[in-house]
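FYI, in our numbering the residues of the sequence shown are 195 to 518.
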Amino acid sequence: MRLGKLSPDELRSVVFSKLTTQRPEVVLAAALGEDSAALDLSSDLCVVSTDPITGASAEIGRLGVFIACNDVATNGAEPVGILLTIFAPPQATLEDIALVMDQATEAAAEVGVQIIGGHTEVTAAVNQMIISCTAIGRVAPDKLLHTGLAKSGDALVLVRTAGLEGTAIIAGDHGELLLDIFTEEELLEARSFSRYLNIVPAAILARVNGAVSMHDVTEGGVLGAAYEMAEAAGLGLELTAIPVHPLTIKLCRHLSLDPLRLISSGALLVATPTPDQVTSALLVNGIPAQQIGSFLSHSSKVTLMGEELHPPNGDELWAFKSKY
Numbered sequence: 195m196r197l198g199k200l201s202p203d204e205l206r207s208v209v210f211s212k213l214t215t216q217r218p219e220v221v222l223a224a225a226l227g228e229d230s231a232a233l234d235l236s237s238d239l240c241v242v243s244t245d246p247i248t249g250a251s252a253e254i255g256r257l258g259v260f261i262a263c264n265d266v267a268t269n270g271a272e273p274v275g276i277l278l279t280i281f282a283p284p285q286a287t288l289e290d291i292a293l294v295m296d297q298a299t300e301a302a303a304e305v306g307v308q309i310i311g312g313h314t315e316v317t318a319a320v321n322q323m324i325i326s327c328t329a330i331g332r333v334a335p336d337k338l339l340h341t342g343l344a345k346s347g348d349a350l351v352l353v354r355t356a357g358l359e360g361t362a363i364i365a366g367d368h369g370e371l372l373l374d375i376f377t378e379e380e381l382l383e384a385r386s387f388s389r390y391l392n393i394v395p396a397a398i399l400a401r402v403n404g405a406v407s408m409h410d411v412t413e414g415g416v417l418g419a420a421y422e423m424a425e426a427a428g429l430g431l432e433l434t435a436i437p438v439h440p441l442t443i444k445l446c447r448h449l450s451l452d453p454l455r456l457i458s459s460g461a462l463l464v465a466t467p468t469p470d471q472v473t474s475a476l477l478v479n480g481i482p483a484q485q486i487g488s489f490l491s492h493s494s495k496v497t498l499m500g501e502e503l504h505p506p507n508g509d510e511l512w513a514f515k516s517k518y
């Protein structure tokens, strides 16, 4: 493709024509020639987060929207708008960009968020499709949560299982490495884990049922995210058994990866004094959840089954990428 911004006709064809979800807060949205978007959030706080997708090539449109929206949802905010930037390599086609937009708009519709702006261009600075998403959310000032609000005695609840996103990425991008251990049906199921990456509904349920702090489980996996929550709260944390899907276990054993330190969007950590209420509300809505630990004031250590954990040091996905 020609380097630089897409032409007006190309933008109309593969970008603007796909923007269907609309929100009442959006006063000015993406359009040809518009430099910015405008939102009216009334008296609510504006919560903003941004994330690139650099470790995957399949389903990146869905990944980008979900991961950015997940971040603002952990602060108790409702996602309102998405800014989507796409950098395509010269060998990409217009159909490749259209596919990313299809994925992003599908994910946006699932979350209920509007893609309000962004940028799309072809550049030799990248050798694969790279996207970056900025999510904008709204929350009442007295409802804002942050990572360090856990108190001694609060329980730590894990929503879904460890390693979901990493499993989906590896199965989607490197399925040929798994043919010796997965049946065709298992490989398809592992790839389909990407449909579980939206934690916005789970965060809403957790928030109204007693969550005092939440954390999206991304790079560093469940152990990394749990360590960060304890550090932010200035507390110790005692972790017990952490659930891992059987396909994730099989994949990680085959590739010598630690599933508890594997990127895990789609999982959510919730600190709460009411773990039974939180888990019951999630389970009734078909979302797996269980208590995996407790915060402690008499210790600054983070332990798993009695063994002290050290600060997070990278993610297993990048260890895998360095080999393959």
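Beta carbons are placed, not taken as given, at the ideal position from N, Cα and C, and that holds for glycine. Treat the numbers as computed from the prediction; the structure is a model and nothing was measured.
Residue i vs residue j beta-carbon contact at 7 Å
i       : j       : result
Gly-430 : Lys-495 : yes
Ile-457 : Thr-412 : yes
Val-316 : Ala-282 : yes
Glu-425 : Leu-490 : no
Arg-455 : Glu-510 : yes
Ala-427 : Thr-268 : no
Ala-224 : Phe-260 : no
Thr-314 : Leu-200 : yes
Arg-385 : Gly-360 : no
Val-305 : Cys-263 : yes
Met-423 : His-409 : yes
Pro-453 : Ala-356 : yes
Leu-352 : Ile-486 : yes
C-alpha gap between residue i and residue j, whole angstroms
i       : j       : result
His-504 : Leu-498 : 11 Å
Lys-198 : Pro-437 : First, the residue type needs correcting, since residue 198 is Gly and not Lys in the sequence shown. Each residue's alpha carbon lies about 46 Å from the other.
Leu-350 : Phe-387 : 23 Å
Gly-270 : Ala-334 : 9 Å
Pro-202 : Lys-212 : 14 Å
Leu-373 : Glu-380 : 10 Å
Ser-450 : Leu-477 : 32 Å
Glu-253 : Leu-343 : 34 Å
Glu-289 : His-492 : 57 Å
Val-307 : Gly-500 : 42 Å
Gly-312 : Gly-258 : 13 Å
Leu-382 : Asn-392 : 19 Å
Thr-214 : Ile-310 : 11 Å
Ser-326 : Thr-377 : 34 Å
Leu-226 : Val-220 : 16 Å
Ala-286 : Glu-228 : 25 Å
Ala-318 : Thr-341 : 38 Å
Gln-484 : Ala-303 : 28 Å
Lys-515 : Ala-250 : 10 Å
Ala-435 : Val-416 : 12 Å
Arg-206 : Leu-235 : 28 Å
Pro-246 : Ala-420 : 22 Å
Gly-508 : Tyr-518 : 17 Å
Leu-441 : Gln-322 : 28 Å
Own chain partners of residue i with C-beta closer than 6 Å, once the 5 adjacent residues on each side are dropped
i       : result
Asn-403 : Gln-471, Val-472, Ala-475
Pro-482 : Arg-354
Thr-328 : Thr-244, Leu-277
Ala-405 : Val-464, Thr-466
Ser-255 : Note that residue 255 is Gly in the sequence shown, not Ser. Counting only Cβ-Cβ distances below 6 Å, and skipping sequence neighbours, we find Val-294, Gln-297, Ala-298.
Val-266 : Val-241, Ser-243, Pro-273, Ala-329, Gly-331
Leu-222 : Ala-231, Ala-232
Gly-369 : Leu-381
Arg-217 : Val-274, Gln-308
Under the three-state DSSP convention, the category residue i falls into
i       : result
His-448 : helix
Thr-299 : helix
Ala-231 : coil
Lys-199 : strand
Ser-237 : coil
Leu-382 : helix
Asp-290 : helix
Glu-315 : strand
Gly-430 : strand
Gly-275 : strand
Thr-497 : strand
Met-423 : helix
Leu-490 : strand
Ala-149 : Past the edges of the chain, shown from 195 to 518, lies residue 149, and the structure says nothing about it.
Leu-222 : strand
Phe-376 : coil
Ile-280 : strand
Ile-398 : helix
Glu-168 : The chain is shown from 195 up to 518; residue 168 falls before or after that span and cannot be answered.
Glu-204 : helix
Beta-carbon contacts of residue i that lie in its chain and below 7 Å, excluding the five residues immediately before and after
i       : result
Tyr-390 : Arg-354, Leu-358, Gly-460
Gly-418 : Arg-455, Pro-506
Ile-443 : Pro-453
Close-in-space but distant-in-sequence residues of the same chain around residue i (CB under 8 Å, 5 per side omitted)
i       : result
Leu-338 : Leu-239, Val-241, Asn-269, Gly-270, Ala-271
Thr-248 : Ile-324
Ser-488 : Gly-347, Asp-348, Ala-349, Leu-350, Leu-431, Glu-432
Leu-462 : Asn-264, Thr-268, Leu-352, Val-353, Arg-354, Ile-393, Ala-396, Ala-397, Ala-400, Met-408, His-409, Asp-410, Val-411
Residue i beta carbon near the ligand FMN (any heavy atom closer than 6 Å)
i       : result
Gln-308 : Among the components of this structure there are no ligands whatsoever, and the ligand FMN is therefore not found.
Length-filtered (4 minimum) alpha helix (DSSP H) runs lying within the stretch 239 to 271:
Entirely contained in the stretch 239 to 271, the alpha helix (DSSP H) runs reaching 4 residues are, in chain order, 254 to 268.
Could you tell me which whole alpha helix (DSSP H) segments of length 4 or greater appear in the stretch 443 to 488?
469 to 478
Where are the beta strand (DSSP E) runs, 3 residues long or more, that stay fully inside the stretch 327 to 368, in chain order?
349 to 353
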